[in-house]
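Residue numbers (our numbering): 928 to 1392.
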């Protein structure tokens, strides 16, 4: 039986200083589930949480709770409580009084408060800590107090904004299990915000992957890991071999010099696509057996439960996980089962940088033409068209370079960086256009870089009209 929907967000838009933080998102959250909003910094996940909690009003769109519109209902009147990364506990109160605070405000009887505080402290494994000062608690214990305080009023939904961020690695892992146990025991809807993929995969019933104010994919942890919708999701969730491929026909894809059988269909024949193969899904075989690739082992690292190896095939660097190590410099043979190959449409609907502009040649005696791209004047050598002629210009991703900001023709925002085995695929954005780059440079997402265009190899086509 399907669980009922407890929260719905419909066409939610949030803008700050003219920039869209949430871009008309639509989302439904089911009752009694552990739902995680996952994505890089600045993707809009905390803003989404604040919208649900009532701490922020959307510029447009509607929020529904149990089918009732709650846009104008303040936080304290919503059946929602929040646990923040900074737990905001009262340092002058002990554990008991911190947990009981909300009930005292509501003037609940002392007998009922005592009963519910003890029940809640038992649930969060803090029985016997009632008189302990907050300053004498560890980070994990403080977090449990914050959770108990948030849950004691029996909210239908608990919002958690990166509550494990301040904890060390071991305690964070322990608390992942503890949070899931509490959620299952209480059967309360948890909506959890994190940028940590392991947290999302460990705790969640449903994962919502976000990027740049958009929802990229919604699914179970297994769906998100095994069936990513695009290269961003595949790259963000776990480790993966991602590359540029050609979908030859149904069930057949060409990648890195080999034609591979796959289980995907419905793509246009000979369509450029992205391919994803997880490192644990690559099998070593022998030369006498059927194999897809022959390569050279370049690096071996022991990871505790497996060895992580880098294998070079045709200048593509494969990441391979295996319980058996191979030697650096050894020739290996690799086989990939069709069901372990994931085919996805490309994140952009273009594989080359194409734009339309007009010729600005100063006079008809010139042997070259000039155009303006991103506010910069460029010369098209050995190309002449009259003034105001409309032309299409195609620029290869290899001819769009990242340089030091002062040396660039213009600056662009780095919206995405995905390693594709032999190069980084970067999407750089200006107010006018998204630029596709293929480069060895490893740029940082959410930063700005100088962009330089090389038009020497550009394809110039005169447009009619």
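A virtual CB, placed ideally from N, CA and C, is assigned to each residue, including glycine.
Query                                                                                                                : Result
Beta-carbon proximity list for residue 1323, same chain, < 7 Å, skipping 5 on both sides                             : 1279 and 1384
Start-end ranges of the alpha helix (DSSP H) lying completely within the stretch 1297 to 1331, minimum 4 residues    : none
Those runs of the beta strand (DSSP E) which lie wholly inside the stretch 1137 to 1182 and span at least 3 residues : 1141 to 1146, 1168 to 1176 and 1179 to 1182
Residue 1169: CB within 7 Å of a non-hydrogen atom of the ligand GTP                                                 : Of ligands this structure carries none, so the ligand GTP is not represented either.
Buried versus exposed call for residue 1265 [16 or more other C-beta atoms within 10 Å across all chains shown]      : exposed
Closest residue to residue 1008 among 981, 997 and 986 (Cα-Cα distance)                                              : 981
Unbroken beta strand (DSSP E) run spanning residue 1269, endpoints                                                   : 1269 to 1271
Beta-carbon proximity list for residue 1244, same chain, < 8 Å, skipping 5 on both sides                             : 1225, 1237, 1238, 1348 and 1349
The stretch 1195 to 1214 contacting the stretch 1164 to 1173, beta-carbon criterion three pairs below 8 Å            : yes
Among 1011, 1157 and 1013, the one whose alpha carbon lies nearest that of residue 1276                              : 1157
Buried or exposed (CB count within 10 angstroms, at least 16 for buried), residue 975                                : buried
Local conformation of residue 1384 per DSSP, three classes                                                           : coil
At least 3 beta-carbon pairs within less than 8 Å: the stretch 1243 to 1262 vs the stretch 1319 to 1339              : no
Complete beta strand (DSSP E) runs within the stretch 1038 to 1102 (minimum length 3 residues, chain order)          : 1084 to 1088
Inter-residue Cα distance where the pair is residue 1176 and residue 1135                                            : 31 Å
Cβ neighbour criterion (16 or more within 10 Å) applied to residue 1003                                              : exposed
DSSP three-state assignment for residue 1130, whether helix, strand or coil                                          : helix
Distance CB(residue 1075)-CB(residue 1120) smaller than 8 Å                                                          : no
Residue range of the unbroken beta strand (DSSP E) whose run includes residue 988                                    : 987 to 992
Three-state class that DSSP yields for residue 1108 in the structure shown                                           : helix
Cβ shell of residue 947 (< 8 Å), same chain only, five flanking positions each side left out                         : 940, 941 and 1140
Start-to-end residues for the beta strand (DSSP E) that takes in residue 963                                         : 961 to 965
Validate contact between the stretch 957 to 967 and the stretch 1122 to 1132 using beta carbons, cut 8 Å, 3 pairs    : yes
Beta-carbon spacing of residue 1311, residue 1380 below 8 Å                                                          : no
Classification of residue 1298 by the beta-carbon crowding that lies within 10 angstroms, buried from 16 upward      : buried
Range covered by the alpha helix (DSSP H) that runs through residue 1028                                             : 1022 to 1032
Cβ shell of residue 1088 (< 8 Å), same chain only, five flanking positions each side left out                        : 973, 976, 1009, 1010, 1011, 1012 and 1120
Per-residue DSSP class, three states only, for residue 1218                                                          : coil
For residue 1079, the nearest candidate out of 991, 1032, 1105 and 1001 (CA to CA)                                   : 1032
Cβ-based burial, residue 1228 [other Cβ within 10 Å; buried from 16]                                                 : exposed
Exposed unless 16 or more other CB atoms sit within 10 angstroms - verdict on residue 1390                           : exposed
Residue 1294 to residue 1286 span [Cα, whole Å]                                                                      : 13 Å
Distance between residue 1043 and residue 1021 (C-alpha atoms, nearest Å)                                            : 16 Å
Simplified DSSP state of residue 1282, which is helix, strand or coil                                                : strand
Distance between residue 1354 and residue 1077 (C-alpha atoms, nearest Å)                                            : 41 Å
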